[in-house]
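Asker: Once you've had a glance at the structure underneath, I'll fire off some questions.
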Amino acid sequence: MSAPARPPLTLSVAPMMDWTDRHCRVFHRALTRRTLLYTEMVTTGAIIHGDRDRHLGFDAAEHPVALQLGGSDAAALAECARMGEDFGYDEINLNCGCPSDRVSSGSFGASLMGTPDTVARAVEAMRAATRLPVTVKHRIGIDDLDSYEHLTGFVQTVEAAGCDTFIVHARKAWLSGLSPKENREIPPLRYDVVRQLKADFPHLTVVLNGGVLTLDAAQDALAWADGVMIGRAAYHDPFILARADQDVFGESAPPVTRREAIEAFVPYVAAQLEAGQPLPRMMKHTLGLFAGQPGARHWKRTLSEQGYKPGAGLEVVRAALEGVPAEVLDARPGITAPQPA
1 MSAPARPPLT LSVAPMMDWT DRHCRVFHRA LTRRTLLYTE MVTTGAIIHG DRDRHLGFDA
61 AEHPVALQLG GSDAAALAEC ARMGEDFGYD EINLNCGCPS DRVSSGSFGA SLMGTPDTVA
121 RAVEAMRAAT RLPVTVKHRI GIDDLDSYEH LTGFVQTVEA AGCDTFIVHA RKAWLSGLSP
181 KENREIPPLR YDVVRQLKAD FPHLTVVLNG GVLTLDAAQD ALAWADGVMI GRAAYHDPFI
241 LARADQDVFG ESAPPVTRRE AIEAFVPYVA AQLEAGQPLP RMMKHTLGLF AGQPGARHWK
301 RTLSEQGYKP GAGLEVVRAA LEGVPAEVLD ARPGITAPQP A
């Protein structure tokens, strides 16, 4: 049987703990059909010993969607990669970039950059267990292991195990002394390091992550990177994704409006409500949809105050929409003219 088609890596939304759950991904899919979406990091222990449907289940509308795994044991990662394929994911990604204390104490996440051989064994085992592409997301360095030589050694070791795609967060991580939030902000962004990595390894797929706040910035990076991953900007202001299919992927259909995005999301919300999920669990991911626009405060306040009441349903969504001006609800984002090749 032939391997599944590779998902597009040109633009993706980063895996973000507590944020990019299945509800968030369905909402993002209402804004962009082509952008690759990632799960939150799921640890191998949670999958193997926990509720697999809860940790791995997703809606078919989310495709293309990648599963990000956290772990360091090659056999466990291989087993989870196999399960990820069985559940229907399009890609398996290994987290070598998360700097949280809990992750580092478990000898995975960003700490894996200190043990490239461990990552190589994991990649080799995962590739043997699944037909899906296996990718690695990592930092440019950790603690005092922050030289370009260490970074290239890490990439070469992991490449030798069969990985050809590296998603690079363009900051180093301090595993002691900085919180995860500080590790996203204090170490300086070094796009020059990622750009040099692509120049030195032109045969590899190199995706830039870190500090990309707009589609315009993403397109600038695509002049030299194979792909760009947007993180918190896509969560706090998700409407930036509405132009992605046209500006990044060259689609001819017009981008969606905010009203159309909510209308596309509502059937999923209704089904989840019927299944017993509380309204805020889905709608919290939409709170930034009107960021910077008239009606944004009404939208957030209505969902936040009324959505948590017992039995809250779609009437709360309709009440929230009523406070947003029609010109905001129905505005289409501008389409940037395609750039010459």
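In the UniProt record's numbering, the protein residues as written are 1 to 341.
Ideal Cβ placement from N, Cα and C applies to all residues, glycine included.
As the structure is a prediction and not an experimental result, all values here were calculated from the model.
#1: If I measure Cβ to Cβ from K198 and keep anything under 8 Å in the same chain, skipping five residues before and after, which residues do I get?
#2: Could you have a look at K198 and say whether DSSP puts it in helix, strand or coil?
#3: With respect to the beta strand (DSSP E) encompassing I92, which residues constitute its N-terminal and C-terminal limits?
#4: Exposed or buried, H236, counting other C-beta atoms within 10 Å across all chains shown (16 or more means buried)?
#5: Classify Q293 as helix, strand or coil using the three-state DSSP reduction.
#6: Would the beta-carbon of G70 fall within 8 Å of that of G109?
#7: Give me the Cα-Cα distance between V155 and F87, rounded to the nearest whole angstrom.
#8: Between T152 and chain D, is there a C-beta pair that is closer than 8 Å?
#9: Looking at C-alpha atoms only, which residue of L37, A326, L77 and L9 is the closest neighbour of T165?
#10: Once you ignore the five residues that flank I335 on each side, which residues in its own chain have a CB closer than 6 Å to its CB?
#11: Kindly indicate which three-state DSSP category Q68 falls into: helix, strand or coil?
#12: For the region 305-323 and the region 279-286, state whether three or more C-beta atom pairs, one from each stretch, are separated by less than 8 Å.
#13: Got a sec? Which residues, its chain only, sit under 6 Å from A173 by beta carbon, not counting five neighbours each side?
#14: For V13, does the three-state DSSP call read helix, strand or coil?
#15: Per DSSP, which one or two residues make a beta bridge with I142?
#16: Would you check if the distance between the CB atom of Y89 and the CB atom of A66 is smaller than 8 Å?
#17: Might you give, ordered along the chain, the residues of its own chain that have their beta carbon closer than 6 Å to the beta carbon of W19, omitting 5 neighbours on each side?
#18: What number of angstroms, rounded off, separates the C-alpha of E327 from the C-alpha of D200?
#19: Would you call P267 buried or exposed, if buried means 16 or more other Cβ atoms sit within 10 Å of its Cβ?
#20: Closest by CA to I186, which one among G50, Q196, L175 and D192?
#21: Could you give the residue range of the beta strand (DSSP E) that holds T205?
#22: Apart from the five residues on each side of it in sequence, which residues of its chain come closer than 7 Å, Cβ to Cβ, to residue 345?
#23: Could you give the DSSP three-state label for P340: helix, strand or coil?
#24: If you follow the beta strand (DSSP E) that I240 is part of, which residue opens it and which one closes it?
Answerer: Per the coordinate set shown:
#1: Mapped onto the sequence shown, residue 198 falls at position 198. In the same chain as K198, and ignoring 5 residues on each side of it, the C-beta atoms closer than 8 Å to its own belong to L204, V206, W224, A225 and D226, in chain order.
#2: As a working note, residue 198 is residue 198 in the sequence shown. Of the three classes helix, strand and coil, the one that applies to K198 here is helix, per DSSP.
#3: In the sequence shown, the residue the question calls residue 92 occupies position 92. Where I92 is concerned, the enclosing beta strand (DSSP E) stretches over E91 to C96.
#4: As a first step, residue 236 must be located in the sequence shown, where it is residue number 236. Taking all protein chains in view, the Cβ of H236 is surrounded by fewer than 16 other Cβ atoms within 10 Å, so the residue is classified as exposed.
#5: Looking up residue 293 in the sequence shown gives position 293. Q293 falls in the coil class under three-state DSSP.
#6: Within the sequence shown, numbered from 1, the residue matching residue 70 stands at position 70. Within the sequence shown, numbered from 1, the residue matching residue 109 stands at position 109. Between G70 and G109, the CB-CB gap stays under 8 Å.
#7: For the purposes of this step, residue 155 is identified with residue 155 of the sequence shown, where counting begins at 1. For the purposes of this step, residue 87 is identified with residue 87 of the sequence shown, where counting begins at 1. Each residue's Cα considered, the two are about 29 Å apart.
#8: Among the protein chains of the structure shown there is no chain D, as only one such chain exists.
#9: Position 165 of the sequence shown holds residue 165. Closest option to T165, judged by alpha-carbon separation, among L37, A326, L77 and L9: L9.
#10: Along the sequence shown, one-based indexing puts residue 335 at 335. With a pLDDT of 47 at I335, under the threshold of 50, the predicted position of this residue should be treated as unreliable, though the coordinate-derived value follows. Q246.
#11: As a working note, residue 68 is residue 68 in the sequence shown. Assigned with DSSP and collapsed to three states, Q68 falls in strand.
#12: Flag = yes, the region 305-323 and the region 279-286 touch.
#13: Sequence index remark: in the sequence shown, residue 173 carries index 173 (1-based). If we look at A173 and ignore the five residues flanking it on each side, its Cβ neighbours are P99, A110, R139, I142 and N183.
#14: For the purposes of this step, residue 13 is taken as the residue at position 13 of the sequence shown. Strand.
#15: Numbered from its first residue, the sequence shown carries residue 142 at position 142. In DSSP, I142 forms a bridge with L145 and A173.
#16: Counting from one through the sequence shown, the residue named residue 89 turns up at place 89. Counting from one through the sequence shown, the residue named residue 66 turns up at place 66. A66 is positioned such that its CB atom lies closer than 8 Å to that of Y89.
#17: By 1-based counting over the sequence shown, the position of residue 19 is 19. The beta carbon of W19 sits closer than 6 Å to the beta carbons of Y235 from its chain, once the five residues preceding and following it are set aside; these are given in chain order.
#18: By one-based count along the sequence shown, residue 327 stands at place 327. By one-based count along the sequence shown, residue 200 stands at place 200. Per the coordinates, the alpha-carbon of E327 lies some 49 Å from the alpha-carbon of D200.
#19: Position 267 of the sequence shown, counted from the start, is the residue given in the question as residue 267. P267 should be labelled exposed.
#20: By one-based count along the sequence shown, residue 186 stands at place 186. Nearest of G50, Q196, L175 and D192 to I186, Cα basis: L175.
#21: Counting from 1 along the sequence shown, the entry for residue 205 is found at position 205. Segment T205 to N209, the beta strand (DSSP E) holding T205.
#22: Not covered by the structure: residue 345. The range shown for the chain is 1 to 341.
#23: Here residue 340 is taken as the residue at index 340 of the sequence shown, counted from 1. Here P340 scores only 38 on pLDDT, less than 50, and its place in the model should not be relied on; the value that follows carries that caveat. The three-state secondary structure of P340, taken from DSSP, is coil.
#24: The sequence position of residue 240 within the sequence shown is 240, counting from 1. Looking at the DSSP string, I240 is not in any beta strand (DSSP E), and its letter there is neither H nor E.
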